[in-house]
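**Student:** Listed in order, the protein sequences are those of chains L and W.
Using the working numbering, the first residue of the first sequence is number 1, and each one after it goes up by one.
Using the working numbering, the first residue of the second sequence is number 331, and each one after it goes up by one.
There are 2 protein chains.
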Amino acid sequence: MFLASTSEYVDRALRGFARDHRDIVTLHTGPTYVRARDPNPNRRVGLVSGGGSGHEPMHVGLVGPGMLDAAVPGKVFASPHNRQVYEASRATAGPDGVLHIVKNYTGDRINFGIAAERLTHDGVPVARVLVDDDVATESAAAATGRRGTGATIIVEKLLGAAADRGAGLADLAALGTEVVARSRSIAVASASHTSHVTGQPGFALAPDEIEYGVGIHGERARRTIPRPPLEELVDRMVGDVVSHLPSGDRALLLVNGLGGTTTIELYNVFGLAEEALDRHGIAVEGSLVGTWTPALDMKGFSITVTMLDAERDGWRTYWDAPAWTATLRK
Amino acid sequence: MFLASTSEYVDRALRGFARDHRDIVTLHTGPTYVRARDPNPNRRVGLVSGGGSGHEPMHVGLVGPGMLDAAVPGKVFASPHNRQVYEASRATAGPDGVLHIVKNYTGDRINFGIAAERLTHDGVPVARVLVDDDVATESAAAATGRRGTGATIIVEKLLGAAADRGAGLADLAALGTEVVARSRSIAVASASHTSHVTGQPGFALAPDEIEYGVGIHGERARRTIPRPPLEELVDRMVGDVVSHLPSGDRALLLVNGLGGTTTIELYNVFGLAEEALDRHGIAVEGSLVGTWTPALDMKGFSITVTMLDAERDGWRTYWDAPAWTATLRK
Numbered sequence: 001m002f003l004a005s006t007s008e009y010v011d012r013a014l015r016g017f018a019r020d021h022r023d024i025v026t027l028h029t030g031p032t033y034v035r036a037r038d039p040n041p042n043r044r045v046g047l048v049s050g051g052g053s054g055h056e057p058m059h060v061g062l063v064g065p066g067m068l069d070a071a072v073p074g075k076v077f078a079s080p081h082n083r084q085v086y087e088a089s090r091a092t093a094g095p096d097g098v099l100h101i102v103k104n105y106t107g108d109r110i111n112f113g114i115a116a117e118r119l120t121h122d123g124v125p126v127a128r129v130l131v132d133d134d135v136a137t138e139s140a141a142a143a144t145g146r147r148g149t150g151a152t153i154i155v156e157k158l159l160g161a162a163a164d165r166g167a168g169l170a171d172l173a174a175l176g177t178e179v180v181a182r183s184r185s186i187a188v189a190s191a192s193h194t195s196h197v198t199g200q201p202g203f204a205l206a207p208d209e210i211e212y213g214v215g216i217h218g219e220r221a222r223r224t225i226p227r228p229p230l231e232e233l234v235d236r237m238v239g240d241v242v243s244h245l246p247s248g249d250r251a252l253l254l255v256n257g258l259g260g261t262t263t264i265e266l267y268n269v270f271g272l273a274e275e276a277l278d279r280h281g282i283a284v285e286g287s288l289v290g291t292w293t294p295a296l297d298m299k300g301f302s303i304t305v306t307m308l309d310a311e312r313d314g315w316r317t318y319w320d321a322p323a324w325t326a327t328l329r330k
Numbered sequence: 331m332f333l334a335s336t337s338e339y340v341d342r343a344l345r346g347f348a349r350d351h352r353d354i355v356t357l358h359t360g361p362t363y364v365r366a367r368d369p370n371p372n373r374r375v376g377l378v379s380g381g382g383s384g385h386e387p388m389h390v391g392l393v394g395p396g397m398l399d400a401a402v403p404g405k406v407f408a409s410p411h412n413r414q415v416y417e418a419s420r421a422t423a424g425p426d427g428v429l430h431i432v433k434n435y436t437g438d439r440i441n442f443g444i445a446a447e448r449l450t451h452d453g454v455p456v457a458r459v460l461v462d463d464d465v466a467t468e469s470a471a472a473a474t475g476r477r478g479t480g481a482t483i484i485v486e487k488l489l490g491a492a493a494d495r496g497a498g499l500a501d502l503a504a505l506g507t508e509v510v511a512r513s514r515s516i517a518v519a520s521a522s523h524t525s526h527v528t529g530q531p532g533f534a535l536a537p538d539e540i541e542y543g544v545g546i547h548g549e550r551a552r553r554t555i556p557r558p559p560l561e562e563l564v565d566r567m568v569g570d571v572v573s574h575l576p577s578g579d580r581a582l583l584l585v586n587g588l589g590g591t592t593t594i595e596l597y598n599v600f601g602l603a604e605e606a607l608d609r610h611g612i613a614v615e616g617s618l619v620g621t622w623t624p625a626l627d628m629k630g631f632s633i634t635v636t637m638l639d640a641e642r643d644g645w646r647t648y649w650d651a652p653a654w655t656a657t658l659r660k
């Protein structure tokens with residue numbers, strides 16, 4: 001990997017990012033977080049997310065009008081420190097407090113949790129939306145539950161729009177929880193990411209194999225499978241995702257590259273996923289195709305479906321609402 | 331690679347792209363081109379670019395208000411057919427004709443050239459801006475001249491803004507030629523792209539080597555060099571680029587990923603490139619960091635500098651002008 005000859009390459013990247021997008025964000029250091037330059041005065045609640053680095057644009061590329069008030073990056077694939085979360089939350093809390101959007105990983109849960117306790121002690125209202133969308137980790141036996149992956153992008157977009165309209169903390173938390181409940185994902189990879197520590201692949205795969213259900217930190221899937229034609233693979237992935245969702249007849253569709261996947265590949269997947277959803281009687285009403293939640297430079301992709309129905313037409317409005325971040329602009 | 335089991339995977343990707351961004355573009359087939367849905371009525375000249383696929387978002391992701399009126403994609407790494415160029419030009423020519431923005435490759439030159447002859451025969455005014463920014467191919471002996479790479483993004487952004495203000499064909503051609511003359515690039519890779527034909531790497535590199543001066547179709551560099559620390563590498567690249575540019579004290583800087591390069595890496599490069607330019611007395615006044623002109627999934631990056639000076643403050647205005655394409659939004 002092309003990284004500066006120092007352990008501070010994440011901080012260097014953040015400084016570069018903040019300069020490149022200085023019209024949208026400011027970088028706070030000691031502790032580190034990225035904050036929206038011009039907070040929306042209509043917001044009653046600050047939206048704060050975060051997690052390990054290596055998944056960019058998530059989350060720092062999603063800070064700005066219409067989405068996050070602050071993002072708290074950890075080192076590569078490592079949780080941010082709770083002091084970062086606490087300070088970012090204090091800086092961006094609205095009159096109705098702060099909402100934490102947390103992907104379901106132990107380190108993130110612990111650090112956001114400690115920060116939430118301190119905020120509560122300070123008298124700052126705080127609530128949490130836990131994103132756990134990855135059906136590859138669905139198991140009654142797994143105490144940690146499903147991992148949080150691509151659905152985070154959708155949650156942050158919808159909650160950002162709701163927060164812009166002045167929604168309160170309890171309403172935002174309820175909305176976020178419902179969006180998560182109606183969102184599921186699955187990811188596959190044909191080649192590992194490059195380890196930022198060793199410079200070597202994080203795991204080995206034969207050319208004719210794929211990881212079915214890979215995680216965004218290189219967590220191996222429960223199944224390494226012979227590589228099927230893409231049509232079959234996408235059909236299976238969509239079937240798996242839909243089988244874990246409540247029924248509905250329309251959806252938001254995120255086709256996400258894991259880092260080393262080309263736009264041509266992603267749009268092949270998108271077209272096949274649309275067709276597969278159509279066979280399930282589900283129309284795609286909003287979509288996002290690109291590298292949104294990568295695992296460094298992994299070759300692979302994920303499919304996330306958020307199920308809509310007649311009662312949730314408002315989500316479409318939130319999806320289409322304006323946003324102006326470094327990466328997602330509507 | 332994850333491609334549909336058909337030779338039509340580029341067309342499939344284009345159909346998916348056009349559906350995903352149906353608010354911005356329309357896809358024409360027979361022959362294939364992507365067109366802006368809502369042309370700017372102020373424009374007197376249509377802007378048409380194109381080239382091989384595998385470099386997305388270039389060019390289809392740059393169609394829309396503020397940038398291109400149409401983009402003409404070929405197959406992967408192959409020129410579009412002249413009939414595509416001709417039809418796209420006929421469809422988008424303004425009262426003052428059409429400007430072709432062409433990267434300097436033989437196939438592209440020939441096909442845009444044939445289309446231009448047909449347009450001239452039809453009485454449609456046509457001019458061409460040839461983008462040839464890659465200093466790795468600078469050689470008095472090379473009859474084909476410098477390759478066209480990342481500077482194309484900058485040319486298309488500046489010309490789009492000028493066209494929106496009603497500039498005529500000759501003025502746009504002159505501006506484009508001057509932007510090219512003041513833009514130079516260099517690219518490096520630590521690993522090849524994956525061949526879309528064989529599924530294998532296009533070339534082999536040892537872990538401690540890089541291609542210094544690689545092309546965006548996997549053209550080997552004249553030099554494979556031992557891999558230096560990133561600080562040294564970026565310093566050398568910036569020095570090479572600046573030595574091929576007219577003098578100036580401010581610049582636009584594009585740090586472009588070649589496909590399999592992470593955001594963290596690109597922002598490490600960006601920070602180091604800013605520092606290197608500062609040592610040359612050049613301030614970065616506008617920047618773009620991301621995967622803008624990839625070579626499929628190659629691991630590497632390019633640096634493009636467009637030199638500004640007091641006489642070219644208007645270029646800053648063009649750079650900052652609004653644009654609303656699938657990928658570049660300002």
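Note that CB positions come from ideal geometry on N, CA and C, so glycine has one too.
In chain W, what lies closer than 9 Å to F112(L) by C-beta?
**Tutor:** Ordered by position in chain W, no residue passes the 9 Å Cβ test against F112(L), which lies about 22 Å from the chain.
**Student:** Find the residues of chain L that neighbour F600(W), judging by a C-beta separation of less than 7 Å, and give them in chain order.
**Tutor:** G16, D20
**Student:** Taking F407(W) as the query, report the chain L residues whose CB atoms sit under 7 Å from its CB, ordered along the chain.
**Tutor:** F407(W) does not reach chain L, its nearest Cβ partner there being about 11 Å away, counting only Cβ pairs nearer than 7 Å.
**Student:** What residues in the region 375 to 401 of chain W have a beta carbon less than 8 Å from any beta carbon of chain C?
**Tutor:** No chain C appears in this structure, whose protein chains are L and W.
**Student:** Below 9 Å between beta carbons: does that hold for G543(W) and T467(W)?
**Tutor:** yes
**Student:** Note down, in chain order, each residue of its chain lying with its Cβ closer than 6 Å to the Cβ of A36(L), except the 5 sequence neighbours on either side.
**Tutor:** V63, G64, D69
**Student:** Relative to the alpha-carbon of L602(W), which residue among D565(W), Y435(W), S632(W) has its alpha-carbon at the smallest distance?
**Tutor:** D565(W)
**Student:** Counting only beta-carbon atoms, is G213(L) nearer than 9 Å to chain W?
**Tutor:** no
**Student:** Quick one: residues in its chain with C-beta nearer than 7 Å to the C-beta of L296(L), no 5 flanking neighbours on either side, listed in chain order?
**Tutor:** G54, H193, T194, H196, G259
**Student:** Per DSSP, what kind of secondary structure is Y33(L) in: helix, strand or coil?
**Tutor:** Y33(L) falls in the strand class under three-state DSSP.
**Student:** D20(L) and V619(W) look like a contact to me (Cβ under 8 Å); what is the Cβ gap, rounded to whole Å?
**Tutor:** 5 Å
**Student:** Would you report the Cα separation of Q200(L) and D538(W), rounded to the nearest angstrom?
**Tutor:** 12 Å
**Student:** May I ask which residues mark the beginning and end of the beta strand (DSSP E) holding H358(W)?
**Tutor:** Its beta strand (DSSP E) spans residues 355 to 358.
**Student:** Hey, out of H547(W), W654(W), L488(W), L563(W), whose CA is closest to L582(W)'s CA?
**Tutor:** L488(W)
**Student:** Please classify N586(W): does DSSP put it in a helix, a strand, or coil?
**Tutor:** strand
**Student:** DSSP puts T554(W) in a beta bridge; with which residues?
**Tutor:** E541(W)
**Student:** When you compare the CB positions of V124(L) and V180(L), do they come within less than 9 Å of one another, or not?
**Tutor:** Not closer than 9 Å, so no.
**Student:** Name the chain L residues that come within less than 8 Å of E561(W), Cβ to Cβ?
**Tutor:** A4, S5
**Student:** Using a Cβ-Cβ cutoff of less than 8 Å, which residues in the same chain neighbour A191(L) once the five nearest sequence positions on both sides are dropped?
**Tutor:** Excluding residues within five positions, the ones whose Cβ falls inside 8 Å are P201, L205, G260, M298, K299, G300.
**Student:** Could you check if I516(W) is buried or exposed, using at least 16 other CB atoms within 10 Å of its CB as the buried criterion?
**Tutor:** I516(W) should be labelled buried.
**Student:** Determine the chain L residues that contact S520(W) at a beta-carbon separation under 9 Å, and present them in chain order.
**Tutor:** Proximity of chain L to S520(W) at the Cβ level (cut-off 9 Å) is accounted for by M1, F2, in chain order.
**Student:** Under 9 Å between C-beta atoms, does S617(W) make it to chain L?
**Tutor:** Closer than 9 Å to the CB of S617(W) there is at least one CB belonging to chain L.
**Student:** Run the CB neighbour count on T436(W), radius 10 Å, all protein chains shown included, and call it buried at 16 or more, exposed below.
**Tutor:** exposed
**Student:** According to DSSP, what are the bridge partners of G248(L)?
**Tutor:** Answer by DSSP bridge pairing: none, since G248(L) is not bridged.
**Student:** I think V386(L) touches F17(L), with their Cβ atoms under 8 Å apart; what is that distance to the nearest whole Å?
**Tutor:** Limits of chain L in this structure are 1 at one end and 330 at the other, which puts residue 386(L) out of reach.
**Student:** Under a three-way DSSP split, which group does H121(L) fall into?
**Tutor:** helix
**Student:** Please check if any C-beta of chain L sits within less than 9 Å of the C-beta of R580(W).
**Tutor:** So, not an interface residue.
**Student:** Buried or exposed, going by whether 16 or more other CB atoms sit within 10 Å of the CB of A473(W)?
**Tutor:** exposed
**Student:** Near P387(W), which residues of its chain fall below 6 Å by C-beta distance, leaving aside the five closest residues on each side in sequence?
**Tutor:** T657
**Student:** D38(L): buried (16+ other C-beta within 10 angstroms of its C-beta) or exposed?
**Tutor:** It counts as exposed.
**Student:** Helix or strand or just coil, what does DSSP make of R646(W)?
**Tutor:** helix
**Student:** Buried or exposed: where does P410(W) fall if 16 or more other Cβ atoms within 10 Å of its Cβ makes it buried?
**Tutor:** Classification of P410(W): buried, given that the 10 Å Cβ count is 16 or more.
**Student:** Use the C-beta contact count for R146(L): other C-beta atoms within 10 angstroms, 16 or more gives buried, fewer gives exposed.
**Tutor:** Buried, because 16 or more other Cβ atoms sit within 10 Å of the Cβ of R146(L).
**Student:** Here's a check: name, in chain order, each residue in its chain whose Cβ is nearer than 6 Å to the Cβ of V72(L), leaving out the five neighbours to either side.
**Tutor:** Y33, G50, P80, Q84, V85, A88
**Student:** Starting from F301(L), find everything on chain W with Cβ-Cβ shorter than 8 Å and list it in chain order.
**Tutor:** F332
**Student:** Quick one: what does DSSP say D501(W) is sitting in, helix, strand or coil?
**Tutor:** helix
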